[in-house]
Amino acid sequence: MAPPRNVVKIAVQMPDAIPQLIQLDQAKPLAAVLKEVCDAWSLVHAESYALQFADGHRRYITENDLEAERLLGGLQSGSRERRRETLQHLVSLAPDVTFAQEVISRDGLQKLGTIIEDGDDLGEVLTLALRAFLELMEHGMVSWETLSIPFVRKVVCYVNMNLMDAWVQPLALRLLESVTLSSPALGQLVKSEVPLDRLLVHLQVMNQQLQTKAMALLTALLQGASPTERKQACAHHALAVLQNIIHSAAPLGDEMAHHLYVLQALTLGLLEPRMRTPLDPYSQEQREQLQALRQAAFESEGESLGTGLSADRRRSLCAREFRKLGFSNSNPAQDLERVPPGLLALDNMLYFSRHAPSAYSRVSNRVGGIWQGPCGLSCAPHPILFFYLPPPPQFVLENSSREDKHECPFARSSIQLTVLLCELLRVGEPCSETAQDFSPMFFGQDQSFHELFCVSIQLLNKTWKEMRATQEDFDKVMQVVREQLARTLALKPSSLELFRTKVNALPYGEVLRLRQTERLHQEGTLAPPILELREKLKPELMGLIRQQRLLRLCEGTLFRKISSRRRQDKLWFCCLSPNHKVLQYGDVEEGASPPTLESLPEQLPVADIKALLTGKDCPHVREKGSGKQNKDLYELAFSVSYDHGEAEAYLNFIAPSKREFHLWTDGLSALLGSPMGSEQTRLDLEQLLTMETKLRLLELENVPIPEQPPPIPPPPTNFNFCYDCSIAEP
Numbered sequence: 018m019a020p021p022r023n024v025v026k027i028a029v030q031m032p033d034a035i036p037q038l039i040q041l042d043q044a045k046p047l048a049a050v051l052k053e054v055c056d057a058w059s060l061v062h063a064e065s066y067a068l069q070f071a072d073g074h075r076r077y078i079t080e081n082d083l084e085a086e087r088l089l090g091g092l093q094s095g096s097r098e099r100r101r102e103t104l105q106h107l108v109s110l111a112p113d114v115t116f117a118q119e120v121i122s123r124d125g126l127q128k129l130g131t132i133i134e135d136g137d138d139l140g141e142v143l144t145l146a147l148r149a150f151l152e153l154m155e156h157g158m159v160s161w162e163t164l165s166i167p168f169v170r171k172v173v174c175y176v177n178m179n180l181m182d183a184w185v186q187p188l189a190l191r192l193l194e195s196v197t198l199s200s201p202a203l204g205q206l207v208k209s210e211v212p213l214d215r216l217l218v219h220l221q222v223m224n225q226q227l228q229t230k231a232m233a234l235l236t237a238l239l240q241g242a243s244p245t246e247r248k249q250a251c252a253h254h255a256l257a258v259l260q261n262i263i264h265s266a267a268p269l270g271d272e273m274a275h276h277l278y279v280l281q282a283l284t285l286g287l288l289e290p291r292m293r294t295p296l297d298p299y300s301q302e303q304r305e306q307l308q309a310l311r312q313a314a315f316e317s318e319g320e321s322l323g324t325g326l327s328a329d330r331r332r333s334l335c336a337r338e339f340r341k342l343g344f345s346n347s348n349p350a351q352d353l354e355r356v357p358p359g360l361l362a363l364d365n366m367l368y369f370s371r372h373a374p375s376a377y378s379r380v381s382n383r384v385g386g387i388w389q390g391p392c393g394l395s396c397a398p399h400p401i402l403f404f405y406l407p408p409p410p411q412f413v414l415e416n417s418s419r420e421d422k423h424e425c426p427f428a429r430s431s432i433q434l435t436v437l438l439c440e441l442l443r444v445g446e447p448c449s450e451t452a453q454d455f456s457p458m459f460f461g462q463d464q465s466f467h468e469l470f471c472v473s474i475q476l477l478n479k480t481w482k483e484m485r486a487t488q489e490d491f492d493k494v495m496q497v498v499r500e501q502l503a504r505t506l507a508l509k510p511s512s513l514e515l516f517r518t519k520v521n522a523l524p525y526g527e528v529l530r531l532r533q534t535e536r537l538h539q540e541g542t543l544a545p546p547i548l549e550l551r552e553k554l555k556p557e558l559m560g561l562i563r564q565q566r567l568l569r570l571c572e573g574t575l576f577r578k579i580s581s582r583r584r585q586d587k588l589w590f591c592c593l594s595p596n597h598k599v600l601q602y603g604d605v606e607e608g609a610s611p612p613t614l615e616s617l618p619e620q621l622p623v624a625d626i627k628a629l630l631t632g633k634d635c636p637h638v639r640e641k642g643s644g645k646q647n648k649d650l651y652e653l654a655f656s657v658s659y660d661h662g663e664a665e666a667y668l669n670f671i672a673p674s675k676r677e678f679h680l681w682t683d684g685l686s687a688l689l690g691s692p693m694g695s696e697q698t699r700l701d702l703e704q705l706l707t708m709e710t711k712l713r714l715l716e717l718e719n720v721p722i723p724e725q726p727p728p729i730p731p732p733p734t735n736f737n738f739c740y741d742c743s744i745a746e747p
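Note that the sequence shown covers residues 18 to 747 in the working numbering.
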C-alpha cells in the first residue's frame with residue numbers, strides 16, 4: 018500500500034551522531050517532528066532545537082533555536098579569536114531570514130553595534146561585524162532610522178580615516194548609503210560629516226570595490242541635495258569619474274554602471290526646471306534674451322535696430338526677423354509657451370549663437386550703404402528709409418538662399434530638437450533602480466547638453482539638405498534625426514568630438530540602408546536558408562543584369578562633346594551592334610532623331626578595345642584641373658582605349674547622367690569580361706534578389722503566381738464624382 022502523499026522520507030543528521038532516516042508527516046506540527054527526532058537521540062528541551070538544510074544555503078526551518086543564543090554569547094567573549102570565529106559563523110548564517118529574526122529578537126544588532134562603536138580592532142573583527150550588521154539590516158525587519166547618532170558618526174569616522182583596512186571602508190560606505198537613502202535626518206548628518214572631497218579621494222584609489230561604494234554614497238547624497246549643491250558636486254567630481262572610473266583599464270561592474278547612470282540622470286535632471294517653465298512674456302530678462310538672439314542674427318555689434326524709425330515700423334521689423342529665424346509666430350513667446358521644452362529651448366538657441374558663432378552668424382560686408390549679399394548681388398537701399406540690412410546667421414543664411422518651401426526653420430527646429438534630446442536622455446524622468454545606460458561624454462564636457470544641441474542642430478540642417486526636404490517634410494526629417502542621434506548615443510562615444518564624428522558618418526542614405534537591413538532581419542529574409550537561396554540565385558540574376566546592360570548599349574545614347582572652351586553644343590551618338598562585336602558612332606544634329614546603324618560612319622571593333630578608364634584617368638579630363646567646375650566631368654567621364662595602328666587611341670565619353678554612366682560602364686565591362694561593380698548594379702541585384710526570393714517563398718506556400726502580370730485598369734474618364742449623402746440607402 019502506497020504511503021500518503023503528505024508523508025516523505027528525509028535524512029536527519031547531527032554532529033557526532035548516526036544519521037536518522039525518518040518519515041516526515043507534513044501534516045504534523047513542526048514541534049512534534051522535532052520532539053520525535055530529539056527523543057531518538059535522547060535530547061532534552063526539544064523546543065530549543067531547529068532543523069537546518071544541509072545543502073549550500075544552510076537555512077533553518079524553525080523560529081527557535083540554540084544556535085542564535087550560542088553565537089550571541091560568543092560576541093561578548095573576551096577572547097579575540099573566539100569573537101572572530103563567532104562573527105564568521107554569524108556572517109554565514111545571517112542571510113537566512115529565520116535565523117536573522119532570532120538574532121534580532123535577542124538584541125543581536127545592539128551587540129554588533131557595540132563592537133562597531135568600540136572599534137577596538139580595526140581589522141578583521143570590525144570587517145566581520147560590519148558585514149553581519151549589514152546582512153541583518155538588509156532583511157528590513159528594523160528601520161535604519163532607529164540607528165543612533167553616535168553609531169552613525171563612528172561609521173563616518175571609518176570613512177574619513179586615512180589608514181584603514183581595505184575591507185572596512187567599502188562596508189562603512191555601504192552602510193552610510195543605506196542610512197542616507199532611508200532616513201532624511203540621519204542623511205543630513207552623513208552629508209554634514211562626510212566631505213565630498215573625501216569621496217573624491219576614494220574615487221581616485223585603485224580599489225574597484227571602494228570606488229563603487231564611494232560612488233553609491235555620492236549618488237545617494239546628491240539625490241537629497243539642492244539643485245545648487247548638486248550642480249557644484251557634479252561639476253567637481255565629473256573629471257575624477259571620467260579619468261579614474263570610465264577610462265580605467267578595469268571593466269566596469271554592473272553596480273558601478275548603475276551608479277554612473279544615476280549620476281548622469283541627476284546631472285541632466287538639473288535641466289528639468291527650465292524644461293518645465295514656459296516663457297513669461299512679462300519677464301524683462303527673458304525679453305532681453307530673445308532680443309539678444311535676434312540681434313546676434315540681424316544686427317551688427319554696436320548698431321541698434323531701426324534708428325530713427327517709428328515704433329510701429331520697429332515692431333514690424335522685429336516681427337519679420339523673428340519669423341526669418343524660424344519662429345511660427347511673429348511673437349516668439351507663443352512658440353516657447355510649450356512645455357517641454359519651455360525655456361530650455363531658448364537656452365539652447367542662445368548657447369548656440371554665443372558659443373558657435375561661426376556656425377550661427379557671418380560678418381556682414383557693406384559697400385557704400387549697400388549690403389553685398391552672399392551671392393555677390395547688391396541689395397539697393399530702401400526707397401524711402403535708408404538703413405542697413407545685415408546678413409542673417411549662417412544657419413538662416415543657408416536656408417534663405419533656398420526657395421521658401423525648402424527653408425529649414427531654425428527656431429522651430431531648435432524647439433523640436435530640444436524636446437527630442439530630452440526624450441532620448443530621459444530628462445526629468447525618475448531614476449530606474451536597475452538601469453545601467455550612461456554615456457561617457459556627459460562626464461568630460463561642461464555644458465554637455467547645450468554642446469550636444471549645437472552638434473545636433475547642425476546635423477538637422479545637414480539631414481534637411483540631404484533629404485531635400487520642404488516644410489511639409491518637417492516631421493519626417495525629425496524622425497530621421499531621432500534615429501541618427503539614438504543610434505549614435507547607443508554606441509556610447511567617449512567624447513563629444515567622437516559623437517560628432519560618428520553622427521556625421523550616419524547620413525540619411527545610411528539610415529535608409531540600416532532600416533532596410535533591420536526590416537529584412539525582422540522578416541526573416543536574412544535567415545541562413547534564405548541567404549543560401551540568395552547565393553544560388555545570384556549568378557542567374559547577374560546574367561540577367563548583364564543582358565539588360567548590353568541591350569541598353571544596343572539602343573544607344575546621345576553624348577555631348579566637351580571642347581577646350583567647355584562648349585556643349587555638339588552631339589554624337591554611339592551604340593553597340595546587335596551581334597555585340599562593334600561600337601558604331603557618329604555626329605548628329607541638335608534635335609534630330611536617333612540615327613540608324615547604317616548611317617553611323619565610324620566603327621570600333623570590340624576585339625580591339627584594351628581597357629575601360631573612368632574619372633580622372635580619362636585623357637579628355639585629365640588636364641582640366643581639380644576645380645569645382647570640373648567635378649561633374651570627373652563623375653561622368655569614361656573612355657575606352659584601343660589600338661590604332663602602332664599608337665594607342667581613345668574613344669572618350671561624357672555621360673548625360675549618373676545612371677547612364679553606370680549603364681555604359683557596366684555594359685562595356687561585360688563586353689570586356691570584367692565584373693560589373695557599379696552602385697547601380699548592386700542596387701539592381703538587391704532588388705531582383707528580394708523579388709525572386711519572395712516569389713520562391715510564395716511558391717512554397719502554394720500561392721499561384723500567374724505567368725503574365727495583371728492588366729493595368731484604364732484611368733477613369735470622368736473625374737467629377739462624389740458621394741451624394743442625400744440619397745437614402747435602400
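Using N, Cα and C, we set each Cβ at its ideal position, and we do this for glycine too.
Asked                                                                                                                          : Found
Within 8 angstroms, strictly: CB atoms of leucine 277 and phenylalanine 516                                                    : no
Strand pairing of tyrosine 175, partner residues [DSSP]                                                                        : None; tyrosine 175 has no bridge partner.
Host beta strand (DSSP E) of cysteine 439 (start-end)                                                                          : Premise fails: cysteine 439 lies in the alpha helix (DSSP H), 427-442, not in any beta strand (DSSP E).
Cross-strand partners of aspartate 604 (DSSP beta bridge)                                                                      : Trp589
Distance, isoleucine 27 Cα to alanine 57 Cα                                                                                    : 15 angstroms
Collapsed DSSP secondary structure at valine 24 in the structure displayed                                                     : strand
Where proline 36 falls: helix, strand or coil (DSSP)                                                                           : coil
Exposure label - serine 656; buried when at least 16 CB within 10 Å                                                            : buried
Through-space distance from valine 279 to glutamate 246, alpha-carbon basis                                                    : 16 angstroms
Close beta carbons around histidine 219, own chain, < 6 angstroms, minus the five adjacent residues each side                  : Leu227 and Ala231
Beta-carbon gap between valine 258 and phenylalanine 460 smaller than 8 angstroms                                              : yes
Own chain partners of tyrosine 667 with C-beta closer than 6 angstroms, once the 5 adjacent residues on each side are dropped  : Pro636, Ser656 and Ser658
The region 593-601 contacting the region 704-716, beta-carbon criterion three pairs below 8 angstroms                          : no
Same chain only: Cβ atoms within 8 angstroms of leucine 190, ignoring 5 sequence neighbours per side                           : Val176, His219, Leu227, Lys230, Ala231, Ala233 and Leu234
Own chain, CB closer than 7 angstroms to leucine 442, minus 5 neighbours either side, in chain order                           : Leu285
Three-state class that DSSP yields for aspartate 660 in the structure shown                                                    : strand
Bridge-paired residues (DSSP) for aspartate 42                                                                                 : Val24
Limits of the unbroken alpha helix (DSSP H) element including isoleucine 132                                                   : 125-135
Proline 32 burial status per 10 Å Cβ neighbour count (16 or more: buried)                                                      : exposed
Beta-carbon spacing of valine 50, arginine 101 below 8 angstroms                                                               : no
For phenylalanine 576, the first and last residue of its enclosing beta strand (DSSP E)                                        : 574-577
Bridge partner(s) assigned by DSSP for glutamine 620                                                                           : Gln601
DSSP-derived helix/strand/coil call for alanine 628                                                                            : strand
Validate contact between the region 431-438 and the region 354-361 using beta carbons, cut 8 angstroms, 3 pairs                : yes
Inter-residue Cα distance where the pair is glutamine 564 and leucine 630                                                      : 22 angstroms
Same chain, Cβ closer than 8 angstroms to glycine 385, five either side skipped, listed in chain order                         : Residue placement at glycine 385 is flagged as unreliable, the pLDDT there being 29, under the threshold of 50; the coordinate-derived value follows with that caveat. Once the five neighbours on either side are set aside, glycine 385 has no close Cβ partner at all.
Beta-carbon spacing of isoleucine 133, phenylalanine 168 below 8 angstroms                                                     : yes
Contact under 8 angstroms by Cβ, glycine 608 with leucine 617                                                                  : no
DSSP state of tyrosine 299 mapped onto helix, strand, coil                                                                     : coil
DSSP three-state assignment for isoleucine 474, whether helix, strand or coil                                                  : helix
Beta carbon of serine 109 nearer than 8 angstroms to that of tryptophan 161                                                    : no
Three-state class that DSSP yields for tryptophan 681 in the structure shown                                                   : helix
Outcome for tyrosine 299 when other beta-carbon atoms lying within 10 angstroms are tallied against a minimum of 16            : exposed
Own chain partners of threonine 236 with C-beta closer than 8 angstroms, once the 5 adjacent residues on each side are dropped : His276, Val279, Leu280 and Leu283
Of the residues Leu706, Ile562, Gln620 and Ser674, the one placed nearest glutamate 552, counting alpha carbons only           : Leu706
Beta-carbon proximity of valine 267 to glutamine 225, cut-off 8 angstroms                                                      : Here the sequence assigns alanine to residue 267, which means valine is not the residue at that position. In this structure, glutamine 225 lies closer than 8 angstroms to alanine 267 by Cβ.
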